[in-house]
Every structure is written in structure tokens, then in C-alpha cells.
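Student:
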Amino acid sequence: MQKGDRSTGKAKALGINHVVLEVGDLDQALDFYGAIFDFTLRGRNETQAFIDMGDQFLQLSLSDEPHGKDTKRHFGFVVDDRSTIPEMLEKLGAERLKRMNFLDPWGNRIEVVPYENIQFTKADHILRAMDAGDVKKTPEAIKELKEKGMSPDDAG
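Add 1 to the 1-based position in the sequence shown for this note's numbering, that's all there is to it.
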């Protein structure tokens, strides 16, 4: 299907607005994630907390029913710099998995992904609003985006 082709009659998948993680204690979850990641709390109520990521968010939802450890199911949490992550995970006693994957205290599997290396971009105005306007892509990531017609140079 070519760009802009609506002949299929299907909705075009454009992205992910949010991901929900079930946790057993909201305060503990916010402390855990706050020790690893610098974030702004978008909102909170008795059963949910919302971690702001610019035009996306992570929803922490209180659950009394533990789901066990995720073995394959996970999502990639994109960051500007992964260098401090291993030390923080060790301090927290988090279970580290292969590469830059870990389990939170409720068994949710998270992969920490560097912004610079992936085929994922945020608009410049969103990065500036997140105080992350200085993050850049590697030449390899830009090449992959160009091959798909999605590099920052292709915006217009």
C-alpha cells in the first residue's frame, strides 16, 4: 500500500498513544520508575498514575491480581541516555535480563532503547518541550529512516 492510499477501507495505524502497566502499589511504582527515569507526572488518582513522555504516556494501573513475570511481552522505553540505567537497576535490586531489559517489581518487562539508534522520531517542538532538543540520530538510524521516506530531511 502506498502512502495516502485509502482504498483498503481500513484505519491507518499511526502509533501508540500509551501503554498500561499493572502494578501492585502506585507509590512504590512511581518511586521505582522515578529512580531510573527522569519524568513528569501527568496526573494521578487512587488507581492510576500517568507518566508523561511528550505526546505519549505510560499509565500505571493499580491491580490486585499479579500476572506473573513477562517472558517475551514487553515494550521499548525510549531514553536519551542509557548509561546510568544498569547502576540504578542494580541499586534497586531489579531483575536484569538480556541486553537492556529488566523486570519491575510486578514482573513487567521493559526494554530500554536509545533514541539515537532507532527508527522512531519525535517532532522537534515536542523534544524541545521535553527539554530534550539536543538528542540526535546516528547516521545508521537516519539512513534507515531515509530508506522508508521518514527521515527528518523528508519532513515538509
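All residues carry an ideal CB built from backbone N, CA and C; glycine is no exception.
Any idea what DSSP makes of Glu96, helix, strand or coil?
Tutor: Within the sequence shown, numbered from 1, the residue matching residue 96 stands at position 95. Of the three classes helix, strand and coil, the one that applies to Glu96 here is strand, per DSSP.
Student: By Cβ distance, which residues of its chain are closer than 7 Å to Ser152, with the 5 residues on each side in sequence left out?
Tutor: The residue labelled residue 152 in the question sits at position 151 within the sequence shown. Correct list, in chain order: Ile143 and Leu146.
Student: Report the three-state DSSP secondary structure of Ile119 (helix, strand or coil).
Tutor: Counting from 1 along the sequence shown, the entry for residue 119 is found at position 118. In the structure shown, Ile119 sits in coil (DSSP, three-state: anything other than H, G, I, E or B).
Student: For Gln60 and Val113, which I take to be in contact (beta-carbon distance under 8 Å), what is that distance rounded to the nearest angstrom?
Tutor: Counted from its first residue, the sequence shown places residue 60 at position 59. Counted from its first residue, the sequence shown places residue 113 at position 112. About 19 Å separates the two Cβ atoms, so there is no contact after all.
Student: Check whether the segment 102–119 and the segment 41–59 are in contact - that is, three or more C-beta pairs closer than 8 Å.
Tutor: No, the segment 102–119 does not touch the segment 41–59.
Student: Report yes or no: do the segment 49–69 and the segment 90–101 share at least 3 C-beta pairs separated by less than 8 Å?
Tutor: The segment 49–69, when compared against the segment 90–101, does not touch it at the 8 Å Cβ threshold.
Student: Mapping the DSSP letters down to three states, classify Met2 as helix, strand or coil.
Tutor: As a working note, residue 2 is residue 1 in the sequence shown. Here the model assigns Met2 a pLDDT of 42, short of 50, so the residue's position is not dependable and the matter cannot be decided.
Student: Taking C-alpha atoms, which residue in Asp82, Asp132 and Ala36 lies nearest to Leu90?
Tutor: Your numbering for residue 90 matches position 89 in the sequence shown. It is Ala36 whose Cα lies nearest to the Cα of Leu90.
Student: Please classify Thr139: does DSSP put it in a helix, a strand, or coil?
Tutor: Taking the sequence shown and counting its residues from 1, one reaches residue 139 at position 138. Of the three classes helix, strand and coil, the one that applies to Thr139 here is coil, per DSSP.
Student: As a quick exercise: from Glu66, Ser8, Gly55 and Val79, pick the residue whose alpha carbon is nearest that of Asp26.
Tutor: If you number the sequence shown from 1, residue 26 lands on position 25. When only C-alpha atoms are compared, the closest one is Glu66.
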